[in-house]
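This report concerns only the one structure given below.
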Amino acid sequence: MSAFLRLLFRNRLAALGAVVLGAILLLVLAIPLLPLPDPDVIATADRFQPPFSEGHLLGTDHLGRDLLSRLLYGTRLSLAVGVVAALIAASIGSAIGIIAGYFGGRIDNIIMRGVDMLMAFPYILLALAIVAALGPGLLNALIAVAAVNIPFFARNIRGITAGLAQREFIDAARLAGLGHTRIILQELFPNVLPVIVIAMSTTVGWMILETAGLSFLGLGSQPPQADLGSMLGEARAALISAPHTSFVPGVMIFLIVMSVNLLGDGIRDALDPRLKSGALSRPLPMTQVRRRGDVPPATDDLLAIQHLETQFHVGKRIYRAVNRVSLAVKPGECLGVIGESGSGKSVTALSVMGLVSSPPGVITGGAVRLEGEDLLGAKYETLRAKRGEKVAYIFQDPLATLHPLYKVGHQLAEAIQVHHKPSDREARARALDLLKSVRMPNAESRLDNYPHEMSGGMRQRVGIAMALANDPEVIIADEPTTALDVTVQAQILALLDDLRRERGLAIVFITHDFGVVAQLCDSVAVMYAGRIVEQGPTDTVLNAPAHPYTKRLIACVPELGGGQRELAAIPGLPPVVDNLPEGCAFAPRCDKARDECRRGDIPLDGQAPRAVRCLFPEEPVT
Amino acid sequence: MGRYILKRLLSAIPVLLGITVIVFLIMAMIPGDPATAILGSYATPENVAKLNRDLGLDKPLVQRYFIWLGNMLTGDFGRSFSLNRPALDEIVERFSATLVLAGTSFVLCSLLGILAGVVSAARQYGLADKAITFVVLIGISVPSFFLGMMMILLFAVNLRWLPVSGMYAIYGGGDLPDLLRHLAMPALALAAVATGVIARLSRSAMLEVLRQDYIRTARAKGVPERRVLMGHALRAAMVSIIPVLGIQAGFVLSGAVYIELVFQWPGVGRMLVDAILKRDIILVQGGVVFVAACYVLFNIAVDVAQSLLDPRIKT
Amino acid sequence: MTALAVTDLSKTFPLPRRLFGPARPGVRAVRPMSFTVESGETLGIVGESGCGKSTLARMLVGLLDPTTGHIEIAGKALDNADPAVFGRLIQYVFQDPISSLNPRKTIRQIMETPLKRLYGMEKAERTARIAEIFDSVNLREEFLDRYPHEFSGGQAQRIGIARALAASPRIIVLDEPVSALDVSVQAQVLNLMARLRDEFDLTYLFISHDLAVVEAVSDRVVVLYFGAVVEIGNAKTIFSAPKHPYTKLLADSAPVVGRPLTAPEQKGSELPDPLNPPPGCAFAGRCPRATQICRAEDPALRQMQEDQFAACHHPIES
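Shown next as structure tokens:
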């Protein structure tokens with residue numbers, strides 16, 4: 041709770057809203073203590089006194105009543121009515137929504153049909169109909185406003201509940217012997233509550249406005265009782281001659297609604313974990329580069345990653361995702377980068393073309409050189425011209441990585457047209473050739489398919505075709521087969537292997553699978569906690585691993601044909617990269633670790649192409 | 018496509034029936050004898066007897082509903098007692114005035130809202146974003162009727178740029194420029210809130226989409242940033258913006274009630290408020306059903322637009 | 051002794067009715083299948099996405115009602131029983147360890163629920179039992195007052211296993227329990243499960259898409275394709291001497307260190323359309339050995355070896 045409040049008030053706008061609303065509430069609560077004249081006493085002789093006149097701080101209205109007094113009483117009434125309407129709408133609507141969402145099926149169907157019908161009205165029509173039937177009056181306006189907002193809550197909460205009801209912890213609760221009532225109250229409700237609070241805090245302002253609106257129309261509070269809406273409604277007749285009578289209640293409504301909205305937004309942001317982590321920032325077109333230190337000199341490699349440092353700056357924490365990583369590929373070479381989740385292998389790959397999400401990603405050091413040219417120092421347009429043209433990517437999940445609303449033919453043609461200027465017909469013909477080159481069955485008809493009409497394997501073929509569109513020199517494949525079934529994976533790997541031999545492509549292949557590396561890559565680099573711990577030709581690294589981590593990781597991988605057995609495991613967990621230990625990051629899990637391993641910086645040593653970052657390697661590396 | 022439209026139209030039938038049931042049930046909540054309640058101060062014994070005969074008001078509830086529904090289906094919405102003319106004639110006349118106002122506002126708020134949202138997302142945390150966020154915050158917090166009143170004070174009374182109220186000038190008006198001069202203030206005042214809501218939503222929809230993997234793919238292909246934003250991202254964001262446009266159309270229609278009162282616009286909203294205050298139940302009933310039915314049809318058009326945009330919706 | 055017997059179990063998901071046209075047949079996620087699991091055995095279930103393995107698992111633990119067939123646990127029929135009865139006999143370990151724990155409850159609250167609801171234990175008794183279980187899954191008791199998001203995948207999965215154990219079931223269905231985990235952590239969890247099986251005399255149904263993992267932990271293996279059992283056999287031999295061409299394709303597809311990269315020969319990689327299933331063998335379209343009969347007649351499961359059954363018209367001779 042205190043963490044929530046701290047988060048809430050870190051948002052300056054929300055704090056402003058809280059202060060304004062708090063002040064208004066204090067004033068309103070202090071009404072009995074303030075020396076206010078009776079708000080309903082008529083003194084026609086004093087009508088339309090301007091503000092700051094004797095005895096009437098804000099002046100008087102058309103019947104000579106004190107405006108300040110009426111304003112405070114009216115504010116109290118408007119706030120009370122709006123909040124009560126919000127509470128009623130939220131509790132009834134949420135109850136309906138939870139029941140519909142949890143039980144699903146026919147119950148859901150019937151309830152939601154009813155809700156849809158209520159939502160088929162522009163809301164005021166329904167409110168007007170209710171007031172027409174019940175007669176004008178503040179209580180009836182309250183009922184009307186609450187009633188028209190029930191469907192909003194019901195639909196909103198139903199959506200959230202239906203999503204939660206699919207989650208596995210609900211199944212687990214059922215298997216733990218909980219009945220429907222207990223599941224709803226103990227498992228679902230605590231998870232839905234923040235959403236109800238968010239929905240309420242973002243709509244209570246609306247409801248205050250709506251009740252004020254009905255009063256403004258003369259359908260809410262009836263004279264002499266006044267809320268802010270009816271004050272404004274009565275003042276309208278004298279808008280031109282005595283504008284202050286309109287101004288006073290109007291500004292008050294505005295202040296209330298604005299402060300409630302500000303506070304509501306703050307509450308929403310503080311309760312929504314995605315916003316908390318700043319995950320809703322827009323990723324910039326290229327990763328921010330803030331390099332310290334010298335830029336390493338050029339080499340004669342096709343693509344060289346030199347002492348690359350990429351970090352994620354989240355709040356005060358700094359995650360060192362990639363820590364001085366150097367890699368290089370020559371034409372026609374396939375380099376594997378292997379590691380577990382969080383090892384920094386994907387971030388390394390994305391850093392090459394500035395595709396790391398930024399914020400929070402920042403490249404803080406090193407260089408990426410394509411044919412000697414430093415890409416990290418390049419301007420956006422220079423980098424863009426090379427994306428897809430010189431260096432192309434193949435990503436992991438082909439459903440998420442293709443645009444769902446464009447036909448695949450269009451997406452392929454676009455990949456060509458952003459770099460070259462073929463006509464639409466030429467581009468389409470080229471797209472067809474590309475699909476054929478990745479052995480897409482019925483390529484011609486597939487051009488007009490949308491991604492969702494294809495299977496995972498076909499989508500990944502499209503992804504590969506797109507990468508090949510401009511005959512790039514380097515392809516960076518980021519776990520391209522991880523989301524695929526094993527039989528499909530075998531075909532995609534064979535395809536990639538053929539293509540690289542036919543076209544002399546350089547491939548950087550990111551994976552967590554030793555089998556894939558063994559079959560496809562010439563050389564391999566093993567990453568752990570953001571650093572390369574070992575590298576060398578694939579055969580040597582796999583058959584004679586020098587780093588204890590590599591050796592033990594290979595032993596962990598079960599292989600077909602071994603029979604039922606105890607599997608090797610590495611105790612402990614990989615470290616989190618915002619708090620790395622000194623020395624070797626693997627030392628806490630390593631059975632060979634000595635005191636030296638926990639001190640200083642351990643260098644990546646060896647004779648090219650072999651290298652290992654270990655003081656006590658399993659195999660001599662010379 | 019034609020099949021999808023037909024399907025949506027057919028599925029609107031139960032919704033339209035539901036609307037009539039809801040309105041009927043709400044009106045059945047009126048305490049006391051329905052004929053007396055409907056007639057109010059016109060409730061002479063002869064009138065009551067005539068109304069009972071015409072509408073079957075002395076019959077059971079279910080039977081009354083079907084008589085009422087049957088009448089409406091043949092275009093008979095009953096007779097307004099306060100105006101002494103057929104309710105449907107009055108409703109259609111007033112609704113067309115509302116359409117001019119609300120339609121203009123809807124176009125304004127859609128265009129301005131989406132534009133503001135996209136600019137705001139593209140320049141997140143930049144000066145333009147902050148300015149837009151600030152204006153939007155004021156837009157969604159200020160009551161449209163108060164905004165309208167302030168606009169009258171400023172533009173009509175102080176600056177004398179625009180007429181205070183009405184749809185046409187009483188003398189010599191009636192042409193398009195005259196209509197536009199009268200339309201400017203109410204349309205803007207009415208659009209303010211919806212513009213704010215649409216701008217906020219468009220901004221967050223754009224930000225959400227920009228984090229998706231397919232945006233990274235587009236960038237990795239070398240698609241220029243302007244095209245990433247205005248093509249790839251906006252198109253995907255429209256999938257969540259379009260349904261909100263449908264909802265906001267309902268809010269614009271609702272807000273028209275206040276604006277019509279403030280600007281003395283001869284629309285259906287003012288008619289309804291007057292009818293409620295005069296307890297002209299027949300006119301209220303007919304007006305609500307008519308406007309709601311039009312809104313249902315509008316939402317079908319929104320759904321069709323959505324299905325044109327998103328191929329994943331089964332047609 | 052037979053721990054679990056499944057007879058003619060199937061699941062058909064009805065399709066929403068169309069506005070026009072005739073009623074459609076449903077999607078047959080699981081075709082009628084029968085098998086038994088012996089007490090103390092681990093039965094591996096393998097198959098690719100869309101083969102019906104998760105639907106099968108959910109029916110076994112009573113989270114989904116079967117369309118036909120019945121389930122017997124230790125000789126007692128469990129049709130239409132309430133989840134609490136299921137819960138004491140059979141438990142489930144979920145694929146996504148984090149999502150299977152309620153984010154707003156502490157681990158202690160999560161652990162106490164089955165003890166309270168299934169066994170009606172008192173507070174002191176519960177505390178003792180939880181300590182005992184936590185000890186056997188190597189979790190520290192200080193974890194009990196934390197919330198699920200504070201744990202890594204491997205730890206959360208051990209909590210998931212601990213929760214399943216709290217119900218003292220005879221059988222545990224493990225639905226891809228390690229596929230969300232990293233390799234180095236995966237082995238920790240697998241070894242723990244093997245030890246618990248012996249310690250508590252449990253029977254496992256181990257569902258996975260990873261052949262090597264299934265082979266390492268199972269006694270017998272069932273291979274599913276398109277909702278049907280295509281082969282059942284001893285884990286030692288089923289992948290080295292498969293009878294069904296699909297099993298062979300699976301075994302040949304897994305990338306293995308030291309084997310050159312060759313895509314196994316096949317005509318396509320597409321599953322049949324579940325809305326419009328082909329007549330005959332569902333695998334015929336991809337099968338190098340398919341003949342006329344395969345496209346006309348659905349092969350039944352036949353005994354091929356002493357402990358190996360396959361549903362194929364042209365099984366692979368060894």
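Protein chains in written order, with our numbering: chain Z, 41 to 662; chain G, 18 to 332; chain X, 51 to 368. The C-beta atom is built at its ideal place from N, Cα and C for all residues, glycine as well. Quick caveat: nothing in here was measured; it's all calculated off a predicted structure.
Within chain G, the residues whose beta carbon sits less than 7 Å from that of P323(Z) are L227 and R228, listed in sequence order. Using a CB distance cut-off of 8 Å, M166(G) counts as an interface residue toward chain Z. Going by DSSP, T551(Z) is part of the beta strand (DSSP E) stretching over A546 to T551.
Contact between the stretch 81-99 of chain Z and the stretch 226-239 of chain Z is absent, with fewer than three C-beta pairs closer than 8 Å.
Spatial neighbours of A184(Z) in its own chain (CB-CB distance under 6 Å, excluding positions within 5 residues in sequence) are listed in chain order as A167, I170 and V171. Segment contact: the stretch 342-351 of chain Z against the stretch 366-379 of chain Z, three or more CB-CB distances shorter than 8 Å; contact assigned. In the three-state reduction of the DSSP assignment, P577(Z) falls in the strand class, which pools E and B.
Residue pairing by DSSP leaves V264(X) without any beta bridge partner.
Excluding the 5 residues flanking it on each side, L108(Z) has same chain C-beta neighbours closer than 6 Å at L97 and L98, in chain order. Rounded to whole angstroms, the separation of the alpha carbons of G355(Z) and A138(G) is 21 Å.
The three-state reading of DSSP puts I330(G) in coil, since its state is none of H, G, I, E or B. Of the residues assessed, P194(G) falls on the exposed side of the cut-off, its CB having fewer than 16 other CB atoms within 10 angstroms. C374(Z) is bridged by DSSP to I547(Z). Burial is judged here by how many other beta carbons sit within 10 angstroms of a residue's own beta carbon; W178(G) has fewer than 16 and is exposed. Identification of chain Z residues near I298(G) by a Cβ-Cβ cut-off of 9 Å yields A172 and A173, ordered along the chain. The straight-line gap separating the alpha-carbon atoms of A310(G) and S271(G) is approximately 14 Å. The stretch 199-208 of chain X and the stretch 166-175 of chain X do not touch, with fewer than 3 CB-CB distances between them shorter than 8 Å. Sorting I550(Z), L233(Z), D334(Z) and R46(Z) by C-alpha distance to the C-alpha of G137(Z) places L233(Z) at the top.
Restricted to the stretch 51-104 of chain Z, the alpha helix (DSSP H) segments that are unbroken, complete and at least 4 residues in length are 52-69, listed in chain order. Under the three-state reduction of DSSP output, S97(G) falls in the strand class. At a cut-off of 8 Å between C-beta atoms, N301(Z) counts as an interface residue with respect to chain G.
The stretch 212-222 of chain G and the stretch 144-156 of chain G touch, with no fewer than 3 CB-CB distances between them shorter than 8 Å. Judged by DSSP in its simplified three-state form, F201(X) adopts coil rather than helix or strand.
Judged by their CB atoms, I108(G) and F307(G) are nearer to each other than the 8 Å cut-off. I550(Z) is positioned such that its CB atom lies closer than 8 Å to that of K385(Z). In the structure shown, H364(X) adopts coil according to DSSP, grouped into three states. Annotation: the continuous beta strand (DSSP E) that includes T86(X) extends over V77 to E88. Here the alpha carbons of R308(Z) and A212(Z) stand approximately 29 Å from one another. It is roughly 26 Å from the alpha-carbon of N51(Z) to the alpha-carbon of L69(Z). In the DSSP assignment, A432(Z) is bridged to I515(Z).
For the stretch 564-652 of chain Z, the full-length alpha helix (DSSP H) segments reaching 4 residues or more read 578-583 and 588-596 along the chain. In the displayed model, H120(X) falls within a strand according to three-state DSSP.
Here the stretch 82-94 of chain X does not lie against the stretch 293-302 of chain G, with fewer than 3 beta-carbon pairs under 8 Å apart. Each residue's CA atom was taken as its position, placing L325(X) and R214(Z) some 31 Å apart. In the three-state reduction of the DSSP assignment, S99(X) falls in the coil class. Of all residues in the stretch 177-200 of chain X, none places a beta-carbon less than 7 Å from a beta-carbon of chain Z.
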